[in-house]
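In my numbering, the protein residues as written are 1 to 185.
Glycine included, every Cβ here is placed at the ideal spot set by N, Cα and C.
First up is the structure itself, then whatever we jot down about it.
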Amino acid sequence: MRLFVAIELPEGVRATLARGLGELRRALPPARWVRADALHLTLKFLGEQPDTLVEPLAAALERELAPLPGVTVRLGGAGFFPRPERARVAWVGGDAPGLERWAAAVEAGAAAVGVPREPRPFALHLTLARLDRPWGNRAVETFEERVGKWSLPAFTAREAVVFRSELRPSGAVYTALRRIPAGGG
Numbered sequence: 001m002r003l004f005v006a007i008e009l010p011e012g013v014r015a016t017l018a019r020g021l022g023e024l025r026r027a028l029p030p031a032r033w034v035r036a037d038a039l040h041l042t043l044k045f046l047g048e049q050p051d052t053l054v055e056p057l058a059a060a061l062e063r064e065l066a067p068l069p070g071v072t073v074r075l076g077g078a079g080f081f082p083r084p085e086r087a088r089v090a091w092v093g094g095d096a097p098g099l100e101r102w103a104a105a106v107e108a109g110a111a112a113v114g115v116p117r118e119p120r121p122f123a124l125h126l127t128l129a130r131l132d133r134p135w136g137n138r139a140v141e142t143f144e145e146r147v148g149k150w151s152l153p154a155f156t157a158r159e160a161v162v163f164r165s166e167l168r169p170s171g172a173v174y175t176a177l178r179r180i181p182a183g184g185g
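Okay, here's the thing in structure tokens:
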């Protein structure tokens with residue numbers, strides 16, 4: 001099954017993002033917009049893994065995340081991967097002191113059960129859209145301007161979630177398999 005580890009967003013943040021996404025869909029060129037109910041902050045994508053990995057992964061993540069405190073997350077600002085003129089992913093960024101330690105802990109836990117480490121450094125971002133072809137300068141500027149004005153409520157992350165991702169024609173469906181508390185719960 002396809003697995004990833006992420007932080008779920010509180011309902012208030014999700015509702016604010018849903019309103020903003022509706023406005024962006026109407027104002028910008030076509031893209032594959034992420035549904036509000038599917039938004040999350042990915043800590044690590046593990047790809048296709050055997051079902052038998054879930055329990056040892058959860059145990060390893062519990063050991064790694066237990067000593068770490070909750071993290072306050074403030075989402076804001078806009079960006080693109082790999083860069084605006086060749087954008088494939090449009091995202092909202094943010095600030096979350098300590099989240100890089102969570103990401104490192106998740107990397108260590110996954111590595112302990114045989115999942116290869118991610119070579120790129122962790123970058124806090126919330127994917128909003130995937131672009132089949134890059135937008136022009138005007139659309140890029142519109143996205144950055146509108147997302148830059150969003151006022152998203154801060155929240156404290158207290159757990160990481162191991163998700164299963166099922167790809168369907170209507171979009172990916174995510175199922176929470178295990179919840180891993182930080183700070184020992």
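Requested in this report: Assess, as a yes-or-no matter, whether the segment 50-69 is touched by the segment 8-16 under the definition of 3 or more beta carbon pairs within less than 8 Å.
Outcome: no
Query - Residue interval of the beta strand (DSSP E) (run including Thr-186) - result: In the structure as shown, the chain starts at 1 and stops at 185, and residue 186 therefore has no counterpart that could be examined.
Report task. Please classify Leu-24: does DSSP put it in a helix, a strand, or coil? Result -> helix
Query raised in the report: For the beta strand (DSSP E) that Ala-176 lies in, which residues bound it at each end?
Result: If you look at Ala-176, you'll find it in the beta strand (DSSP E) that goes 173-181.
**Report entry** Rounded straight-line distance, which links the Cα of Arg-117 to that of Ala-104
**Finding:** 10 Å
Report task. For the segment 107-124 and the segment 16-29, state whether three or more C-beta atom pairs, one from each stretch, are separated by less than 8 Å. Result -> Between the segment 107-124 and the segment 16-29 there are fewer than three inter-stretch CB-CB distances shorter than 8 Å, so the stretches are not counted as touching.
**Report entry** Length of the line joining the Cα atoms of Ala-96 and Gly-22
**Finding:** 26 Å
Requested in this report: Could you work out which residue in Ala-6, Phe-4, Arg-26 is closest to Thr-142 when comparing CA atoms only?
Outcome: Arg-26
**Report entry** Leu-152 beta carbon less than 7 Å from that of Leu-75
**Finding:** yes
Report task. Please report the Cβ distance between Thr-175 and Thr-72, rounded to the nearest whole angstrom; I am assuming they are in contact, meaning their Cβ atoms lie under 8 Å. Result -> Going by Cβ atoms, the distance from Thr-175 to Thr-72 rounds to 27 Å, so no, they are not a contact pair.
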